[in-house]
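So that you can map any letter, position 259 of the sequence shown is 259 in our numbering, and since no number is skipped, the others follow by simple counting.
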Amino acid sequence: MSSNSAKFSLQKMTRRSVIGLAGIGVPSAIWASGIEPNLLSITRKNLALPRWPKSLDGFRIAQITDVHYRPGTDEELIAKLRKALEAEEPDCIAITGDFVINDPSSLAEFARALRGISAAHGIFASPGNHDRWHCTVSNIKKEFESIGISYLQNKGTNINIKGERIFINGLDSVWGGRPVPNRAWNGHQKNTPVISMVHEPDFFDELHTTKPLDLQLSGHTHGGQCRLPLINYTPAKVKFGRNYIYGHFKNDRSQLFVGRGIGTVGLRVRFACRPELVILTLRST
């Protein structure tokens, strides 16, 4: 082959490669920005907890995390979330932080969007780093309590069900605030199962070694938000969310579940990582 022919073939191959990549990239970009961010999925999982009371076997917790509410954009997604919650009828709802992105005024609109959701044994929320960076604690508490959501920031509460006691607490954001476990466990009685809401999952490494902890619920990572399919690889990792990116983890006495979340930060895109409502059914062993 002459040098001119080789050059022509290389140019032709390069053009075809670019066109081919563009052909793949454009549909993927449309999917990631216009379709997948609104495709709410429901993840249902059974968790066997050694200290969970037999009389409460089958207790169901809905976890909502990282909504990062965008007024004027997320209404369709929130409508799907509300419909899913109504259908699932969880016993309890845990909202594990990052209600907003960076606009504190969106907190009130998020609260209005949630008004009317219910669970037989309460709705609880703890803060994420974006909430602590951009909202005041008093405003978060005011907005949530106005719609019947208990805001737990370094605070816990006992729930009495069928003669059994469960302790639910929430810690401050590790990145945006200051978690104080001793305050969060104040009021906990020995042998009472503990469900702890902690926005950043990596705090599990400290918490399960220092406090009685049955289940930690976290978010923060968005499950990676954009993943590479087939190999299930997450290109980007976030501070305080590097050790546990998504899913169920456990050791001898404590367990952790990290949800993918509902919303997004940065560009409103998701790829191979759909927004997620988590339904955890707790089982006695």
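Using N, Cα and C, we set each Cβ at its ideal position, and we do this for glycine too.
Distance from LEU256 to GLN216 at the Cβ level is roughly 5 angstroms; contact confirmed, criterion being Cβ atoms closer than 8 angstroms.
Close CB contacts of PHE144 within its chain, under the 6 angstroms cut and outside five residues either way in sequence, are with ALA125 and TYR151 (chain order). Under the DSSP definition of a beta bridge, PHE144 lacks any partner. Within 10 angstroms of the beta-carbon of LEU39 lie fewer than 16 other beta-carbons, which makes it exposed. At a Cβ-Cβ threshold of 8 angstroms, PRO201 and SER218 count as neighbours.
Rounded to whole angstroms, the separation of the alpha carbons of ALA272 and ARG227 is 5 angstroms. In the structure shown, LEU152 adopts coil according to DSSP, grouped into three states.
Here the alpha carbons of PRO27 and ALA120 stand approximately 43 angstroms from one another. DSSP places ALA62 inside the beta strand (DSSP E), whose first and last residues are 59 to 64. By the CB criterion at 8 angstroms, ASN169 and SER196 fall inside the cutoff. Note that the region 61 to 74 touches the region 108 to 115; at least 3 beta-carbon pairs, one per stretch, sit closer than 8 angstroms. Residue burial annotation: LEU267 is exposed, with fewer than 16 other C-beta atoms found within 10 angstroms of its C-beta. The DSSP-derived three-state label of VAL26 is helix. Under the three-state reduction of DSSP output, LYS80 falls in the helix class. Using a Cβ-Cβ distance cut-off of 8 angstroms, the region 85 to 97 and the region 47 to 54 are not in contact, since fewer than three pairs of beta carbons, one from each stretch, lie closer than that value.
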